[in-house]
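So the protein lines, in turn, are chains A and B.
Under my numbering, the letters of the first sequence match residues 7 to 167, in that order.
Under my numbering, the letters of the second sequence match residues 3 to 330, in that order.
Ideal placement from N, C-alpha and C gives every residue a C-beta, glycine not left out.
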Amino acid sequence: MKLWGSGLVNGLRISMRNMRRGPITLQYPFEKLELPERARWTVVPLSDAQGVPVCTACGTCVKTCPDHVLALDVTTNEDRSKHINHFSYQLGACMMCGLCVEACPFSAIAMSHDYELARVDPDTLEYDLITDTPAYKPKREKPATPDAPAQPASASEGDAS
Amino acid sequence: MNPILVACLRVLAGLGLMLLNGVVLIYMLRKVLGHLHVRLGPMNVGWHGTVQTVADVLKLLTKEDPTPRAVDKALYFLAPAVVFIPSLAAYAALPFSKTWAMADLATGLLFTFGIMSLVPLGILMAGWSSANKWSLLGGMRAVGQQIAYEVPLLLSALPVVLMVGSLNLNDIVAAQDKLWFFIPQFPALLLFVVASLVELNQTPFDMSEAESELVAGFSSEYASMKFGLLFLSEFSNLFIMAGLTVTLFFGGWSLPFIPAQIQAGFAPIVFVAKTYLVIFFFMWIRGTFPRVRVDQLQQLGWKVLLPANLAWLLVTGVAVKLVEAVAR
């Protein structure tokens, strides 16, 4: 049988243990936690070494996005090269799922660590990631002989045998 | 010197002590509660938030003081004073050292309890006159618990009085130069602490404020310095109850094993330090336990504390008589 009132003493003991453990508070605006490497916040466009956005305007991310927050406004030139007028992003509706980044075949966008997203003006919740820029031309590796079968086909054959 | 002037100066000293105590205790409460909850407490105003309460007092002083239309004006304006004045007057009998007391009363203990029991009247006035159902509930609860627990509080101090044979607080301290009373009177100490927690509206028994149910209880319609007075008297009562605990059970301003001549120099410091330790204990309780229900409180008071107090009083009385008989 437990002694009457031992629960009270135990409660006091626990709160004193907490007191001696020291505070775990982080004083946010003054001290900031370093985010984990794979933290997902706003979507940002990536650029190559020359500072040119590497987006090819393929539109995969736009199709993938479950919230429809990404939109591409593209014009195709005479020589079939693309020109990105607006690659727009609705920050206010984005849920930072990161599916667009996973889907992007050229690693042209990434999830940044920019988490201080409060806005004074609601209009700034929608903005362009890329504006008025020619789409990037990916360097395609042409097969050595045009008639040779493509790589995936041979792999599937290997699996079947 | 003119005795009236001396009396005025003593009252002023008491007032200064009370105000300073309020500021220090509010800071202490916020820090202690914060750290008990693994938080930091105030941090930004001054070094580790030390000037925070000064800023709060300035805010209270300069704040707008609206009066709700439906209040009973006379009672509403009188209530903070009725709460504040007894808790200032209760400093009169506290012995900070052999000579440092506002008044050396032969019935010091009785005076302190008597004047403190005026506080519920002011609280009821505040709750009643606010014309607010939550305030009224808070006031009624405060009165219910404080008047009910006056009995256990007095009864738990009586064994000490029996041992000393005097109501003078200085005599009670002097009687403890060999042995602090918390050793022979440990049950009385426990009962006294519980009863004084109720008297103080401290957290396990803070139904009269009950933030989560009654907003701020009886003080919710008050603003500015009227609220400040209610708040201040609460903290001053905390100091007085802790000071009484120290005086009755922990040897007051005296320290063991140190010659009286050396002690006399820093007796007030010793008293205040001990009092603050007891206050820390009260805050520790406040940061730990959840609130009890009103019916549980009354049950504890009438069914547990009162019989326990009477039984311990009987034991002490018999023991005192036996010791006297043996000594003779």
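#1: What is the DSSP secondary structure of A166 (chain A), reduced to helix, strand or coil?
#2: Candidates A:I30, A:E40 and A:K143: which alpha carbon is nearest D120 (chain A)'s?
#3: Which term fits S131 (chain B), buried or exposed, when burial requires 16 or more other beta carbons within 10 angstroms of its beta carbon?
#4: The beta strand (DSSP E) with I87 (chain B) in it runs from where to where?
#5: Have a look at B:G167, B:S89, B:L90 and B:L123 and flag the residue whose alpha-carbon is nearest the alpha-carbon of T109 (chain B).
#6: What residue range is occupied by the uninterrupted alpha helix (DSSP H) comprising F113 (chain B)?
#7: Cβ of M102 (chain A) less than 9 Å from any chain B Cβ?
#8: Would you decide whether S12 (chain A) is buried or exposed? Buried here means 16 or more other CB atoms lie within 10 Å of its CB.
#9: Kindly indicate which three-state DSSP category Y224 (chain B) falls into: helix, strand or coil?
#10: Using 8 Å as the cut-off, can you tell me whether the region 135-153 of chain B makes contact with the region 116-126 of chain B, which would need three or more C-beta pairs spanning the two stretches below that distance?
#11: Taking DSSP as the reference, what is the three-state secondary structure of P154 (chain B)?
#12: Just checking my contact of S210 (chain B) with N203 (chain B) at CB under 8 Å: how many whole Å lie between their CB atoms?
#13: Would you say A313 (chain B) lies against chain A (beta-carbon separation less than 9 Å)?
#14: Rounded to the nearest angstrom, how far is the Cβ of A63 (chain A) from that of A141 (chain A), given a contact under 8 Å?
#15: Run through the DSSP bridge pairs and tell me what Q96 (chain A) is partnered with.
#16: What residues in its chain sit with their C-beta under 6 Å from that of K247 (chain B), if we drop five residues either side in the sequence?
#17: In whole angstroms, what separates the C-alpha of F237 (chain B) from that of L31 (chain B)?
#18: Any idea what DSSP makes of P189 (chain B), helix, strand or coil?
#19: Using a beta-carbon distance cut-off of less than 9 Å, what residues from the region 28-62 of chain B approach chain A?
#20: Name the residues in the region 15-39 of chain A whose C-beta lies less than 8 Å from a C-beta of chain B; which are they?
#21: Can you list, in chain order, the residues of its chain with a C-beta nearer than 6 Å to that of Y29 (chain B)? Leave out the 5 residues immediately preceding and following it.
#22: Are the CB atoms of L111 (chain B) and I174 (chain B) nearer to each other than 9 Å?
#23: Under a CB-based cut-off of 9 Å, is T290 (chain B) close to chain A?
#24: Thinking F93 (chain A) and L135 (chain A) are a contact (beta carbons under 8 Å), I'd like their distance in whole angstroms, please.
#25: Compile a chain-ordered list of the residues in the region 85-104 of chain B whose CB is closer than 8 Å to at least one CB of chain A.
#26: State the start and end residues of the unbroken alpha helix (DSSP H) segment that holds D173 (chain B).
#27: State whether the region 304-312 of chain B contacts the region 152-170 of chain B, with contact taken as three or more CB pairs (one from each stretch) at a distance under 8 Å.
#28: Are any of the Cβ atoms in chain D nearer than 9 Å to that of W286 (chain B)?
#29: Please list, in chain order, all residues of the same chain as S160 (chain A) whose beta carbon is under 7 Å from its beta carbon, the five residues on each side excluded.
#30: What's the call for C71 (chain A), buried or exposed, on a 16-neighbour Cβ count within 10 Å?
#31: If you reduce the DSSP assignment to three classes, tell me which class L107 (chain B) lands in.
#32: Start and end of the alpha helix (DSSP H) containing A218 (chain B)?
#33: Is L63 (chain B) closer than 9 Å to G245 (chain B) when the C-beta atoms are compared?
#34: Please report how far the alpha carbon of E37 (chain A) lies from the alpha carbon of G43 (chain B), in whole angstroms.
#35: Tell me, which residues are paired with L62 (chain B) by DSSP?
#36: Specify, as a first and last residue, the run of the beta strand (DSSP E) that D79 (chain A) falls within.
On the basis of the supplied data:
#1: Reading the first sequence from its first residue, position 160 is the one you call residue 166 (chain A). Confidence at A166 (chain A) is low in this model, with a pLDDT of 42, below 50, so the placement of that residue should be treated as unreliable; the coordinate-derived value is given next. Helix.
#2: Here residue 120 (chain A) corresponds to residue number 114 of the first sequence, with the count starting at 1. Nearest of A:I30, A:E40 and A:K143 to D120 (chain A), Cα basis: A:E40.
#3: As a working mapping, residue 131 (chain B) is identified with position 129 in the second sequence. Label assigned to S131 (chain B): buried.
#4: In the second sequence, the residue the question calls residue 87 (chain B) occupies position 85. Note, I87 (chain B): premise wrong, no beta strand (DSSP E); alpha helix (DSSP H) at K75 to A91.
#5: Locating residue 109 (chain B) in the second sequence gives position 107, where the first residue counts as 1. Cα-wise, what sits closest to T109 (chain B) is B:G167.
#6: To locate residue 113 (chain B), count along the second sequence from 1; it is residue 111. Taken as a continuous stretch (DSSP letters only), the alpha helix (DSSP H) holding F113 (chain B) covers G110 to M118.
#7: On the first sequence, position 96 is the one that residue 102 (chain A) refers to. False, the Cβ-Cβ gap to chain B never drops below 9 Å.
#8: Translated into positions along the first sequence, residue 12 (chain A) becomes position 6. When all chains shown are included, S12 (chain A) counts as exposed.
#9: On the second sequence, residue 224 (chain B) is found 222 positions in, with the first residue counted as 1. Of the three classes helix, strand and coil, the one that applies to Y224 (chain B) here is coil, per DSSP.
#10: yes
#11: The sequence position of residue 154 (chain B) within the second sequence is 152, counting from 1. Three-state DSSP puts P154 (chain B) in a helix.
#12: Numbered from 1 along the second sequence, position 208 holds the residue referred to as residue 210 (chain B). Numbered from 1 along the second sequence, position 201 holds the residue referred to as residue 203 (chain B). Sure, about 5 Å apart at Cβ, within 8 Å.
#13: Taking the first residue of the second sequence as position 1, residue 313 (chain B) is located at position 311. No, because no Cβ of chain A sits closer than 9 Å to the Cβ of A313 (chain B).
#14: Locating residue 63 (chain A) in the first sequence gives position 57, where the first residue counts as 1. Locating residue 141 (chain A) in the first sequence gives position 135, where the first residue counts as 1. The C-beta distance from A63 (chain A) to A141 (chain A) rounds to 4 Å, short enough to meet the 8 Å contact threshold.
#15: The residue you call residue 96 (chain A) lines up with position 90 of the first sequence. Beta-bridge pairing links Q96 (chain A) to A:E132.
#16: Within the second sequence, the letter at position 245 stands for residue 247 (chain B). Checking the sequence, you will find Thr at residue 247 (chain B) rather than Lys. Result list for T247 (chain B): V280, in chain order.
#17: Within the second sequence, residue 237 (chain B) is the residue found at index 235, counting from 1. Within the second sequence, residue 31 (chain B) is the residue found at index 29, counting from 1. Looking at the two C-alpha atoms, the distance is approximately 10 Å.
#18: By one-based count along the second sequence, residue 189 (chain B) stands at place 187. In the structure shown, P189 (chain B) sits in a helix (DSSP, three-state: H, G or I).
#19: Taking 9 Å as the Cβ-Cβ cut-off against chain A, the residues of the region 28-62 of chain B that qualify are V34, G36, H37, L38, H39, V40, R41, L42, G43, M45 and N46.
#20: G17, L18, I20, S21, M22, N24, M25, R27, G28, P29, I30, T31 and Q33
#21: One-based indexing of the second sequence puts residue 29 (chain B) at position 27. T55, listed in sequence order.
#22: On the second sequence, residue 111 (chain B) is found 109 positions in, with the first residue counted as 1. On the second sequence, residue 174 (chain B) is found 172 positions in, with the first residue counted as 1. Yes, they are a contact pair.
#23: The residue labelled residue 290 (chain B) in the question sits at position 288 within the second sequence. With respect to chain A, the C-beta atom of T290 (chain B) has a partner C-beta closer than 9 Å.
#24: Mapped onto the first sequence, residue 93 (chain A) falls at position 87. Mapped onto the first sequence, residue 135 (chain A) falls at position 129. Their Cβ separation, rounded to whole angstroms, is 5 Å, which keeps F93 (chain A) and L135 (chain A) in contact under 8 Å.
#25: Along the region 85-104 of chain B, there is no position whose C-beta sits under 8 Å from a C-beta of chain A.
#26: If you number the second sequence from 1, residue 173 (chain B) lands on position 171. Counting along the chain, the alpha helix (DSSP H) containing D173 (chain B) begins and ends at L171 to A176.
#27: yes
#28: No chain D is part of this structure, whose protein chains are labelled A and B.
#29: Here the question's residue 160 (chain A) lines up with position 154 in the first sequence. With a pLDDT of 43 at S160 (chain A), under the threshold of 50, the modelled position of this residue cannot be trusted; read the value that follows with caution. Here S160 (chain A) has no same chain residue with a Cβ atom under 7 Å from its own Cβ, once five neighbours each way along the sequence are excluded.
#30: Residue mapping note: residue 71 (chain A) aligns to position 65 of the first sequence, counting from 1. With 16 or more Cβ atoms within 10 Å of its Cβ, C71 (chain A) is classed as buried.
#31: What you label residue 107 (chain B) is simply residue 105 of the second sequence in a count that begins at 1. Coil at L107 (chain B), not helix or strand.
#32: By one-based count along the second sequence, residue 218 (chain B) stands at place 216. First-last for A218 (chain B): undefined, no H or E at that position.
#33: The residue labelled residue 245 (chain B) in the question sits at position 243 within the second sequence. The residue labelled residue 63 (chain B) in the question sits at position 61 within the second sequence. Not closer than 9 Å, so no.
#34: Residue mapping note: residue 37 (chain A) aligns to position 31 of the first sequence, counting from 1. Residue mapping note: residue 43 (chain B) aligns to position 41 of the second sequence, counting from 1. Straight-line spacing of the CA atoms in E37 (chain A) and G43 (chain B) works out to 16 Å.
#35: Locating residue 62 (chain B) in the second sequence gives position 60, counting from the first residue. DSSP lists no partner for L62 (chain B).
#36: What you label residue 79 (chain A) is simply residue 73 of the first sequence in a count that begins at 1. Its beta strand (DSSP E) spans residues L76 to T82.
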